[in-house]
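Beneath this line is the structure, given in structure tokens, with notes to follow.
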Amino acid sequence: MRMIKRIIIGGLAAIVVLLAGCEKEEMAVADLVETEIVEEVEVHQEKEIVVDEYWSQTIDSEICKTVGECRDLGDSYGSEHFSDFRRGLERQDGIWVLSANTEEDEYSLAEFDWEDEDLIIARYEIIEDDLVLTKGEERTIFKGIPDLVHALYDRSKVNFQILDFREDVYPHVFVNEGKLGIPSNWIERWFQFDTVAIVIHEYGHLLTMNQEDLVMSDTCPADQFHLKWYEECYNANSYMNLFYQSFLTEYEEQWLHAGYESVEERIAFYERNKDSFVTTYATVRAYEDIAESFSFFMLTPYNDSPQTVAEEKINFFYQFPELVEYRAFVLKELKDRKDEMWSFY
Numbered sequence: 001m002r003m004i005k006r007i008i009i010g011g012l013a014a015i016v017v018l019l020a021g022c023e024k025e026e027m028a029v030a031d032l033v034e035t036e037i038v039e040e041v042e043v044h045q046e047k048e049i050v051v052d053e054y055w056s057q058t059i060d061s062e063i064c065k066t067v068g069e070c071r072d073l074g075d076s077y078g079s080e081h082f083s084d085f086r087r088g089l090e091r092q093d094g095i096w097v098l099s100a101n102t103e104e105d106e107y108s109l110a111e112f113d114w115e116d117e118d119l120i121i122a123r124y125e126i127i128e129d130d131l132v133l134t135k136g137e138e139r140t141i142f143k144g145i146p147d148l149v150h151a152l153y154d155r156s157k158v159n160f161q162i163l164d165f166r167e168d169v170y171p172h173v174f175v176n177e178g179k180l181g182i183p184s185n186w187i188e189r190w191f192q193f194d195t196v197a198i199v200i201h202e203y204g205h206l207l208t209m210n211q212e213d214l215v216m217s218d219t220c221p222a223d224q225f226h227l228k229w230y231e232e233c234y235n236a237n238s239y240m241n242l243f244y245q246s247f248l249t250e251y252e253e254q255w256l257h258a259g260y261e262s263v264e265e266r267i268a269f270y271e272r273n274k275d276s277f278v279t280t281y282a283t284v285r286a287y288e289d290i291a292e293s294f295s296f297f298m299l300t301p302y303n304d305s306p307q308t309v310a311e312e313k314i315n316f317f318y319q320f321p322e323l324v325e326y327r328a329f330v331l332k333e334l335k336d337r338k339d340e341m342w343s344f345y
């Protein structure tokens with residue numbers, strides 16, 4: 001009986017010692033967790049301070065004094081029309097767009113003779129800072145579009161010289177020539193917000209594929225985006241390279257440099273990656289991804305808590321004060337036009 005008591009007492013003592021040890025361990029763990037929480041809070045506070053400092057940064061602009069004010073004014077100017085703009089943006093969000101310019105596309109730009117000037121319905125060129133009709137004839141259906149493009153395109157940021165209207169082509173740009181092409185026979189099927197979305201998308205190409213941001217080369221440093229299809233090596237601080245470094249480094253080389261030429265390959269890529277792109281069309285090529293993301297940045301309200309990669313791609317452009325200011329300018333211009341003319345063009 002005494003032996004049993006000793007065993008029980010000894011067992012109880014061991015339990016007490018064990019509990020004491022556990023208590024100390026729990027206290028140590030609690031201290032560690034508390035320290036980690038404090039450190040996380042401090043890091044979060046530091047990030048908030050950095051973010052607040054960024055939005056408070058002054059900017060040389062006629063319409064806003066700080067980056068944050070430009071952001072908020074853009075939201076205010078666009079508030080009445082964001083829902084319509086989104087409808088225009090989402091026209092690119094269907095499986096059907098994956099057939100554009102593929103081997104199976106009967107309506108491909110590849111079949112078009114770009115050298116034939118006789119196929120131009122109307123050409124407008126920048127002359128003494130005005131966009132002037134220099135070839136063909138102006139038609140009622142697209143009469144206001146040159147004025148809209150001239151008002152929205154900031155030529156201090158992009159090379160824009162020529163606006164061509166042609167039949168049976170996709171909207172497109174030739175960056176080297178500063179040329180924008182619009183299908184004259186499609187316009188009658190577009191709502192005005194479709195036109196705005198397309199014009200902004202094409203501006204996104206002129207901006208992100210700007211010749212001043214790249215060098216022509218068949219090789220490129222590892223930390224710079226190399227668009228091998230065009231032999232373009234993008235400067236480290238260019239919009240294209242920074243976008244690539246942020247979102248695209250893990251994608252297969254074929255897609256990055258040339259895209260896929262068959263509908264089957266495009267659909268397979270889309271199904272694997274669709275949650276990371278703002279529209280279906282953005283999955284076609286890297287430069288369509290950045291242009292589509294730019295369009296959403298310009299024509300949708302600011303989202304201060306992005307939850308997806310696609311939303312992060314839109315917010316990517318807010319790190320550039322000059323683009324936040326440009327967004328406010330464009331949305332103000334569109335609002336003013338709608339208020340004064342009941343029309344964007």
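The UniProt record's numbering numbers the first residue of the sequence shown as 1 and each following residue consecutively. We put the CB at the ideal spot given by N, CA and C, even for glycine.
Anticipated Cβ contact below 8 Å, residue i with residue j, distance rounded
| i | j | result |
| --- | --- | --- |
| Y234 | F225 | 4 Å |
| Y124 | P146 | 5 Å |
| D75 | Y302 | 6 Å |
| L98 | R266 | 4 Å |
| Y77 | K335 | 5 Å |
| D194 | G88 | 5 Å |
Simplified DSSP assignment, three categories, for residue i
| i | result |
| --- | --- |
| P221 | coil |
| P306 | coil |
| residue 351 | Not covered by the structure: residue 351. The range shown for the chain is 1 to 345. |
| A122 | strand |
| I59 | coil |
| L227 | strand |
| K143 | coil |
| F269 | helix |
| V158 | coil |
| L248 | coil |
| S76 | helix |
| D116 | coil |
| E311 | helix |
| D194 | helix |
| W186 | coil |
| Y345 | coil |
| G94 | coil |
| E137 | coil |
Residue range of the beta strand (DSSP E) that includes residue i
| i | result |
| --- | --- |
| D164 | 162-166 |
| F183 | The displayed chain sequence assigns Pro, not Phe, to residue 183. That run of the beta strand (DSSP E) goes 179-183. |
| R327 | Run containing R327: none in the beta strand (DSSP E); it sits in the alpha helix (DSSP H), 321-341. |
| W233 | Residue identity check: residue 233 is Cys in the sequence provided, not Trp. That run of the beta strand (DSSP E) goes 232-234. |
| D154 | Segment: none, D154 is in no beta strand (DSSP E) and carries neither H nor E. |
Cross-strand partners of residue i (DSSP beta bridge)
| i | result |
| --- | --- |
| H172 | G181 |
| M209 | For M209, which the question treats as bridged, DSSP gives no partner whatsoever. |
| V132 | E125 |
| L214 | Y234 |
| T66 | T58 |
Straight-line Cα distance separating residue j from residue i
| i | j | result |
| --- | --- | --- |
| I141 | D168 | 15 Å |
| E137 | L131 | 14 Å |
| K228 | T208 | 16 Å |
| L331 | L119 | 34 Å |
| E333 | A197 | 14 Å |
| A110 | K143 | Its pLDDT being 47, under 50, A110 is placed unreliably in this model, and the value from its coordinates should be taken loosely. Spanning the two alpha carbons is a distance of roughly 28 Å. |
| R189 | A282 | 22 Å |
| S276 | F297 | 15 Å |
| L299 | R91 | 14 Å |
| Y270 | T280 | 7 Å |
| Q245 | R139 | 44 Å |
| I59 | Q319 | 13 Å |
| L148 | Q192 | 11 Å |
| P306 | I314 | 9 Å |
| I121 | F165 | 5 Å |
| S217 | H81 | 43 Å |
| A268 | E115 | 35 Å |
| E340 | L214 | 41 Å |
| G94 | R86 | 14 Å |
| N176 | G259 | 21 Å |
| R71 | P221 | 34 Å |
| Q211 | S295 | 20 Å |
| E231 | N159 | 20 Å |
| I63 | T308 | 31 Å |
| D223 | A286 | 16 Å |
| T219 | H257 | 13 Å |
| I290 | L206 | 11 Å |
Endpoints, the alpha helix (DSSP H) within which residue i is located
| i | result |
| --- | --- |
| A101 | Before going further, note that residue 101 is Asn rather than Ala in the sequence given. Note, N101: premise wrong, no alpha helix (DSSP H); not H, not E. |
| A258 | Segment: none, A258 is in no alpha helix (DSSP H) and carries neither H nor E. |
| Y318 | Run containing Y318: none; DSSP gives neither H nor E here. |
| V278 | Here V278 belongs to no alpha helix (DSSP H), and DSSP marks it neither H nor E. |
| Y287 | 286-299 |
| G88 | 82-89 |
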